[in-house]
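Worksheet: one structure, shown below.
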Amino acid sequence: MLRLYLLIDKNLINFIYKSTFNVKTYLYIEFVLLNNKKKKLLSNDIIQKFLEKDHKSSLDKDDKFIEIVSSLTYYLKSFSNIKRFLDYVSLILKHTFNHQLSLIILFNEKGEIWKENMQFSGDTKNLKIDDEIKNYFKNFDFSKNHRLKEINLFEKDLNNRFKEYVIKSYKILSRGKCRGFVYTFNHHNLNNSLIDERKLNFIINCLGVGLENYWLIQTKKNHENVDREISIGAEIQSQLLPDYCPIIFGVDLAAHCRPALQLGGDYYDFMSLKPNISDKRREKARWALVIGDVMGKGIPAGLLMTMLRGMLRAEVLTGLPPDRILHDLNQLAIYDLDQSHRFITLFYSDYDPRTKKLRFANAAHNPPLLWKSSEQKIVKLDSEGFVLGLQNDAEYQCGITQLNKNDVILYYTDGVTDTSNSLGERFDEERLITSFSKLCKQSLKSKEILNKIFKILDDFTGKNRQLEDDASIVVFQLE
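Heads up: the sequence shown begins at 1 in the working numbering, then just goes up one per residue.
What follows is the structure in structure tokens.
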């Protein structure tokens, strides 16, 4: 018994006739109502009279095609082995149709002929050139990886080689994309009926659906593998960023990076210039504080950020002033970044807790904002310098500033100021300065300032609106 659940349509009967042919037992047509209740639409007598009168088709005829269709559609739901699926389709072509030979040629994901999955079917025992046909295809030179646009040359050669046959070609289509071809070989005196042609087209359409499902499954598996690798990469990258802020004498630190994707190109770090001394002595020693941004985001930016971190940590141990650090870093990175067609902005500073002096150099990064508590105003920390990785002879300037009690420095990346809302308005530097100034006047700790700035960003962008770029903030506050 076959049950078809369809929505009511004026062409329902025509659809049923085109989709099914001879019915062995009772045929019920049912439709699904919006409330999921099922209701019989037509009685068996009406359907039988309709088919016998309009199409002169006897319901008593023993037709196995419906059974084949049922098993094929069931197979489509669960198959995972493409070879077995093609074997099954080949068996259907062999036992259902009168072709002397059928040939299935598929294309792989690159659009090349999928030679290892070519399929022959048909009872050709009584044909004199049976072996000749099969050997022709098995020995055909597919080494050039014939693509769809070259298939016409292949078909022309096919017809010239086997002139005693009527060779028909059927495209295997799925979502408008050609997935391959089915070729049928018949003697000139053997013609298929219109119904046989419809049956064949139905099987080929099912083959197209099966192939589409197979490639979707493969694509999903590939995406899952890539996602797994990206997740591992994101986990490793998150470990490269400081998971906690170091203890620096007289300083309250807070930092956070919010990547737009799993992997990000933002970078910040805290490095002791004398890592081999005791913890107590290290607290009062000179510290390097750096924030940077690799152009772009995602995997390429994340890889370059990792490269930058390694080079920078090696340079910091030299103890050179900030301008020399950036100069040498640019020389080291110029080749690798030139090959990647990317660049890096970087702000490098070092702080001496004993003198409360901050030296800095800037490679075209967003200048940090210094809240001078005694003057109740904000000053930008900036110096001349070019981005890293584009100009071999780039020069950098070193700046210096004296910090005092309750002064606060906000290091940030352009993902903060470039954040936009639903109206397309940027958060911009002016809003950041205004927000930062108000927070500094409230005598908040660095962690509170950090959290409130991200809260202000979230309120500005709106609910569930993802950041367009990586956003990182470091708050450096003197106690």
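No residue lacks a Cβ here, since even glycine has one placed at the ideal position from N, Cα and C.
Per DSSP, reduced to three states, the secondary structure at Cys-245 is coil, with no helix or strand assignment. Lys-405 places its beta carbon 9 angstroms or farther from that of Leu-358. Distance from Leu-326 to Ala-361 at the Cβ level is roughly 5 angstroms; contact confirmed, criterion being Cβ atoms closer than 8 angstroms. The beta carbons of Ile-453 and Gly-389 sit about 29 angstroms from each other, so the pair does not count as a contact at 8 angstroms. By the neighbour-count definition (other C-beta atoms within 10 Å, threshold 16), Pro-322 is a buried residue. Between the stretch 454-462 and the stretch 382-398, the count of Cβ pairs shorter than 8 angstroms is below three; the stretches do not touch. Each residue's CA atom was taken as its position, placing Val-387 and Cys-440 some 30 angstroms apart. Beta bridge pairing from DSSP links Asp-458 with no other residue. Proximity to Gln-466 across Trp-371, Leu-91, Pro-259 and Ser-169 peaks at Pro-259, based on C-alpha coordinates.
One Cα belongs to Ser-70, the other to Leu-200, and the distance between them is close to 15 angstroms.
According to the DSSP secondary-structure assignment, Lys-380 is paired through a beta bridge with Leu-369. Counting only runs of 3+ residues, the beta strand (DSSP E) found wholly inside the stretch 394-425 occupies 399-402 and 408-412, in chain order.
The shortest C-alpha to C-alpha distance from Arg-342 to any of Arg-426, Ile-449, Ala-285 and Gln-391 is the one to Gln-391. Phe-97 and Ser-422 have their C-alpha atoms some 60 angstroms from each other. Boundaries of the alpha helix (DSSP H) harbouring Ile-433: 428-440, taken from the DSSP string. Taking all protein chains in view, the Cβ of Tyr-411 is crowded by 16 or more other Cβ atoms within 10 Å, so the residue is classified as buried. By the C-beta criterion, the stretch 171-191 is judged to be in contact with the stretch 203-218, since at least 3 inter-stretch pairs fall below 8 angstroms.
Assigned with DSSP and collapsed to three states, Met-307 falls in helix.
In the three-state DSSP reduction, His-99 falls in the coil class, being neither helix nor strand. When the alpha-carbon of Phe-185 is set against those of Arg-198, Glu-109 and Ile-167, the nearest one is in Ile-167. Annotated three-state conformation of Ala-314 is helix, per DSSP.
A Cβ-Cβ separation of about 7 angstroms places Ile-151 in contact with Phe-181 under the 8 angstroms criterion. With respect to the 9 angstroms criterion, Met-311 and Leu-289 are not classified as neighbours on the basis of their beta carbons. Taken through DSSP and simplified to helix, strand or coil, Thr-345 comes out as strand. By a beta-carbon distance limit of 8 angstroms, Thr-413 contacts Asn-366. Their separation comes to about 7 angstroms. For a cut-off of 8 angstroms, the C-beta gap from Met-305 to Tyr-267 is around 5 angstroms, short enough to register as a contact. Inter-residue distance for Leu-207 and Ala-363 is about 58 angstroms (C-alpha atoms, whole angstroms). Going by C-alpha positions, Asp-87 is about 7 angstroms away from Gln-119. For Arg-179, the enclosing beta strand (DSSP E) starts and ends at 177-187. Asn-362 sits in a strand when the DSSP states are folded into three classes. For Asp-157, the three-state secondary structure derived from DSSP is helix. Classified as exposed, Pro-275 has fewer than 16 neighbouring CB atoms from the shown chains inside 10 Å of its CB. Of the candidates Arg-354, Asp-196 and Asp-328, the residue whose Cα lies closest to the Cα of Phe-249 is Arg-354. The residues Val-379 and Asp-407, in chain order, have a CB closer than 7 angstroms to that of Lys-372 in the same chain once the five nearest residues on each side in sequence are set aside. Its chain contains Cys-206 as the residues whose beta carbon lies nearer than 6 angstroms to that of Leu-72, once the 5 sequence neighbours on both sides are disregarded; these appear in chain order.
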